[in-house]
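Trainee: Quick one: structure below, then a few questions.
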Amino acid sequence: MKIDVILLAAGSGRRFSDEKHPGKNKLLHLLGGKPLYLRCFQNWAEAAGTSEGCRIFAVAREQEILDAAEDMGFFPVDSPESANGISYSIHAGLHASLEGGGAERFVFAVADQPLLQVSSLKRFLQKAAVSDYACLAWEQELYNPASFPASALPELMALPGDQGGKRVLLGHLDQCARVYASRREEILDGDTAQEMKELERIYAVYQPDHTSV
1 MKIDVILLAA GSGRRFSDEK HPGKNKLLHL LGGKPLYLRC FQNWAEAAGT SEGCRIFAVA
61 REQEILDAAE DMGFFPVDSP ESANGISYSI HAGLHASLEG GGAERFVFAV ADQPLLQVSS
121 LKRFLQKAAV SDYACLAWEQ ELYNPASFPA SALPELMALP GDQGGKRVLL GHLDQCARVY
181 ASRREEILDG DTAQEMKELE RIYAVYQPDH TSV
């Protein structure tokens, strides 16, 4: 099973960029001495390393993030138009994948879930390989990452503006396998300055199962 993971790392985190962090990209915020995006990249690299036929594409605008992606063996995708909405990142990642031969499954993940454990990512990739659609879940809510079959490409490519893949996923819930997070902390993304403080507090006592600490 060929699986392409498309890491969405081109957002600027507008809600995080407040008066205390003017113009700061949330993904560059340090968590335990490492940028948020890098912790996520390392976790995905470890998880995908055990999945045969899995490639990772990183869609970004910051040169630091693009360089880090290349250094880790990912396919960096420069997407300046991503400032116009998440659909532009999705389209850029899909175009890069298709130029490289495409895949049978397309996994979209975000680069701001640093507490999402490698073991959960491995479980997710295993489920994605045998399911038409799949997504991470906690209680009754659906979260990233999410996986789509090649047959969903027309719908994904038609997404407008700031519409993400969840819009497509909601139309196929009867085919969607849910992979439940091991703990609530895994879904946290520090969207605002206040939420980032909570993330930092939890990280200080958190014992993840990955090696990026």
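One point on numbering: in the UniProt record's numbering, the residue at position 47 of the sequence shown is 47, and numbering is uninterrupted. Where is the CB? At the ideal position from N, CA and C, for every residue including glycine.
1. For my contact list, Ala146 and Leu169 are in at a C-beta cut-off of 8 Å; report their separation, rounded to the angstrom.
2. Using the DSSP secondary-structure output, state which residues sit across from Leu136 in a beta bridge.
3. Considering only the alpha carbon of each residue, which of Pro114, Pro160, Glu70 and Tyr88 lies closest to Asn144?
4. Tell me whether Arg61, by its Cβ, gets closer than 7 Å to a heavy atom of the ligand COA.
5. Under the rule that 16 or more other beta-carbon atoms within 10 Å means buried, what is Tyr88, buried or exposed?
6. Whole angstroms is fine: what's the gap from Arg45's alpha carbon to Ala96's?
7. Mind checking which residues open and close the alpha helix (DSSP H) that includes Pro154?
8. On the DSSP bridge assignment, give the partners of Asp78 in chain order.
9. Write down the C-beta distance between His29 and Leu36 rounded to the nearest angstrom, noting that I regard them as a contact closer than 8 Å.
10. What residues in its chain sit with their C-beta under 6 Å from that of Phe74, if we drop five residues either side in the sequence?
11. Output the distance between the C-alpha atoms of Glu195 and Met72, rounded to the nearest integer angstrom.
12. According to the neighbour-count rule (16 or more other Cβ atoms, all chains shown, within 10 Å of its Cβ), is Val130 buried or exposed?
13. To the nearest angstrom, how far is the alpha carbon of Asp4 from that of Ala204?
14. Roughly how many angstroms lie between the CA atoms of Leu156 and Lys2, to the nearest whole one?
15. Measure the C-alpha to C-alpha separation of Arg61 and Ala10 and round it to an integer number of angstroms.
16. Run through the DSSP bridge pairs and tell me what Ala109 is partnered with.
17. Looking at Gly171 and Gly85, is the spacing between their C-beta atoms short of 8 Å?
18. Mapping DSSP to helix, strand and coil, what is Lys34?
19. Which whole-angstrom value is the C-beta distance of Ala111 and Leu27, which I expect to be below 8 Å?
20. Whole angstroms are fine: how far does the CA of Ile202 sit from the CA of Gly32?
21. What's the call for Glu139, buried or exposed, on a 16-neighbour Cβ count within 10 Å?
Mentor: Put simply:
1. At roughly 6 Å, the Cβ-Cβ gap stays under 8 Å, so Ala146 and Leu169 are in contact.
2. Under DSSP, Leu136 shares a beta bridge with Tyr143 and Val179.
3. Ranking Pro114, Pro160, Glu70 and Tyr88 by CA distance to the CA of Asn144 puts Pro114 first.
4. Among the components modelled here there is no ligand, and therefore nothing to report on the ligand COA.
5. Buried is the label assigned to Tyr88, since at least 16 other Cβ atoms lie within 10 Å of its Cβ.
6. The question names Arg, but residue 45 is Ala in the sequence shown. Computed Cα separation, rounded: 18 Å.
7. Per DSSP, the continuous alpha helix (DSSP H) segment holding Pro154 begins and ends at Leu153 to Met157.
8. Answer is Ala60, bridged to Asp78.
9. About 5 Å separates the beta carbon of His29 from that of Leu36, a gap short enough to meet the 8 Å contact definition.
10. Excluding its 5 nearest sequence neighbours in each direction, Phe74 has C-beta neighbours in its own chain below 6 Å: Ile56 and Ala58, listed in chain order.
11. The alpha-carbon atoms of Glu195 and Met72 are separated by roughly 28 Å.
12. The residue is exposed, with fewer than 16 neighbouring Cβ atoms inside 10 Å.
13. Approximately 32 Å between the Cα atoms of the pair.
14. Approximately 18 Å between the Cα atoms of the pair.
15. Taking the straight line joining both Cα atoms gives about 5 Å.
16. BP columns for Ala109 point to Leu7.
17. Cβ atoms of Gly85 and Gly171: not closer than 8 Å.
18. In the three-state reduction of the DSSP assignment, Lys34 falls in the strand class, which pools E and B.
19. Rounded, the Cβ-Cβ distance is 6 Å, consistent with contact.
20. Take the alpha-carbon of Gly32 and the one of Ile202: they are about 11 Å apart.
21. Within 10 angstroms of the beta-carbon of Glu139 lie fewer than 16 other beta-carbons, which makes it exposed.
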